[in-house]
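Heads up: the structure comes next, in structure tokens.
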């Protein structure tokens with residue numbers, strides 16, 4: 008099968024950044040970025056392989072470069088050969104047409120992906136926390152963010168900035184924070200984290216403090 012000659016590339020997902028701020032936290036397992044609605048399609052493709060040659064110019068002369076090209080999906084190939092030219096060895100290269108070999112059947116598996124919800128929280132003002140969004144979606148974009156504080160829905164927004172807020176919290180308490188994100192294909196992911204609010208000096212007063220960096 009020609010599938011062994013194919014390479015599939017996937018978008019790199021964003022790496023979740025470390026939590027910052029003056030809170031001690033724990034969180035539920037961060038899932039997301041899961042395959043959904045997968046389907047496999049088959050099609051016939053032209054396969055090219057065989058002896059190919061082209062002409063390279065060097066030192067005022069034309070040289071023939073010829074090689075055997077293994078099965079591939081492209082009708083052209085870049086040929087490179089080490090040759091003796093005017094008293095020294097040089098690499099010669101040129102682009103050659105590759106002869107048609109045969110048709111083959113290719114199976115391609117395609118999936119949609121759920122978004123990946125993630126965020127951090129920091130006390131940038133005393134008695135308030137700010138949410139920093141680190142959510143991602145490998146095959147599209149996130150179109151809705153929802154945020155809960157201690158089980159109460161506090162915000163719904165079409166931008167991550169809309170849930171950033173300055174949310175009031177009690178010093179010395181443990182709060183539960185939840186975020187749900189929805190992507191442009193309608194898939195969702197959520198993450199819940201608990202925080203113990205220590206009441207360290209707020210970052211807006213001392214931005215160079217260790218818990219603010």
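In the working numbering, the protein residues as written are 8 to 220. Every residue gets a Cβ at the ideal spot worked out from N, C-alpha and C, and that includes glycine.
Nearest residue (CA-CA) to residue i, options the options
i           : options             : result
residue 107 : 87, 82 and 188      : 82
residue 191 : 152, 201 and 156    : 152
residue 198 : 124, 97 and 111     : 124
residue 196 : 62, 70 and 145      : 145
residue 1   : 96, 147, 93 and 205 : This structure cannot settle anything about residue 1, because the visible part of the chain is limited to 8 through 220.
8 Å Cβ cutoff met for residue i and residue j
i           : j           : result
residue 49  : residue 116 : no
residue 200 : residue 155 : no
residue 90  : residue 70  : yes
residue 100 : residue 87  : yes
Residue i versus residue j - alpha carbon distance
i           : j           : result
residue 138 : residue 172 : 7 Å
residue 2   : residue 114 : Beyond the ends of the chain as shown, which are 8 and 220, falls residue 2; an answer cannot be given.
residue 103 : residue 120 : 39 Å
residue 143 : residue 131 : 24 Å
residue 207 : residue 213 : 10 Å
residue 150 : residue 141 : 14 Å
residue 66  : residue 53  : 37 Å
residue 157 : residue 111 : 58 Å
residue 29  : residue 210 : Low local confidence applies: a pLDDT of 40 at residue 29 is under 50, so the model's placement there is unreliable, with the coordinate-based value given in what follows. Each residue's alpha carbon lies about 8 Å from the other.
residue 38  : residue 128 : 19 Å
residue 215 : residue 136 : 17 Å
Unbroken beta strand (DSSP E) run spanning residue i, endpoints
i           : result
residue 127 : 126-132
residue 44  : 42-65
residue 99  : 95-104
residue 78  : 68-79
residue 151 : 149-156
residue 114 : 107-120
Own chain residues within Cβ distance below 7 Å of residue i, not counting five before or after
i           : result
residue 134 : 175, 176 and 178
Contacts around residue i, its chain only, beta-carbon distance under 8 Å, and the 5 residues preceding and following it disregarded
i           : result
residue 105 : 55, 56, 57, 59, 76, 79, 81, 82, 83 and 84
residue 36  : Unreliable placement is indicated for residue 36, whose pLDDT of 46 sits below 50; the coordinate value is still reported in the next sentence. Correct list: empty, nothing qualifies.
Own chain partners of residue i with C-beta closer than 6 Å, once the 5 adjacent residues on each side are dropped
i           : result
residue 164 : 152 and 170
Cβ-heavy atom distance, residue i to the ligand HEM, below 7 Å
i          : result
residue 81 : Judged by which ligands are present, the structure shown has none, so any question about the ligand HEM falls away.
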